[in-house]
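Working notes, beginning with the structure itself.
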Amino acid sequence: MLESLTPPKSLVDQVYDVILDALCDGTFKPGERLTQENIAERLNVSRQPVTHALAVLKAQGFLAQGRQGLTVTPVDPDFFAAIYQVRSAVEPLAVTLATPRLTKEAIARGRELVEHGRSVVASGDAGAALKADMDFHSFIYEVSGNPLIAETMRLHWRHLRRAMGKVLRHPGMSVSVWKEHGRILDSMIRGDTEGAAELMRKHLVEAYDRVGAMDTDNPSAS
84 MLESLTPPKS LVDQVYDVIL DALCDGTFKP GERLTQENIA ERLNVSRQPV THALAVLKAQ
144 GFLAQGRQGL TVTPVDPDFF AAIYQVRSAV EPLAVTLATP RLTKEAIARG RELVEHGRSV
204 VASGDAGAAL KADMDFHSFI YEVSGNPLIA ETMRLHWRHL RRAMGKVLRH PGMSVSVWKE
264 HGRILDSMIR GDTEGAAELM RKHLVEAYDR VGAMDTDNPS AS
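Laid out in structure tokens, this is it:
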């Protein structure tokens, strides 16, 4: 049986990823004007893939069309709260489904992700810390065995990255995040389904509170 191949990312997708990373790590600030010319020059690409990437980001709500061109939108607190309402319902369910499905290989993978996350925090690499956080949660979605959970959450991670990026640039808060991840995984490994789900709920409440405490759109709050 032939297996399907994963095609390489198009130039548009690569440009999109670079711009989204810059939005999430604070390189591009809310209210900042973005031009095709400037981005194309900085990335050493033609304007066409930049134009397409910016159009996608605008459609997703990261950019808005103003009188002088495209500007970076602020994080919408109401939309962000709505995302966390969804997470609070879906992610404890993912933990509940994943706990009895943990294999030795999955446990080893989970521990590897937690250790990697802790080491990334120690390195001070905010971008890597954000990816490590996403990888840990994605691991639970995958082990849950329900593909709709991963698909549902993938729709929201792009927006979560913007708000969480600021939190994960703060060393003290990043350490707390990985302590909580470790406790969730330990509870899952023990087979404590209810306890692990409750720890995930508490983790999400803490995560939401951290973002609010960091004042995500105030550069001076970093």
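Just so you know, the working numbering puts 274 at position 191 of the sequence shown, and the rest follows in order with no gaps. Built from N, CA and C at the ideal position, the CB exists for glycine as well.
Alpha helix (DSSP H) runs wholly inside the segment 86-138, at least 4 long, in chain order: 94-107, 119-126
Residues bridged to G149 (per DSSP): G152
Residue environment, R125, which counts as buried when at least 16 other CB atoms sit within 10 Å: exposed
Counted within 10 angstroms of its Cβ, other Cβ atoms place T182 as buried (16 or more) or exposed: buried
L185 Cβ short of 7 Å to the ligand FMN heavy atom set: What this structure holds is no ligand at all, so the ligand FMN is not there to describe.
Three-state class that DSSP yields for R273 in the structure shown: coil
Beta-carbon proximity of T179 to T276, cut-off 8 Å: yes
Same chain only: Cβ atoms within 8 Å of D100, ignoring 5 sequence neighbours per side: K92
Where G228 falls, given that 16 or more other Cβ within 10 Å makes a residue buried: exposed
DSSP state of D208 mapped onto helix, strand, coil: coil
Distance, A215 Cα to V203 Cα: 8 Å
Rounded Cβ spacing between L243 and I166 (contact assumed at less than 8 Å): 6 Å
Host alpha helix (DSSP H) of P160 (start-end): 160-181
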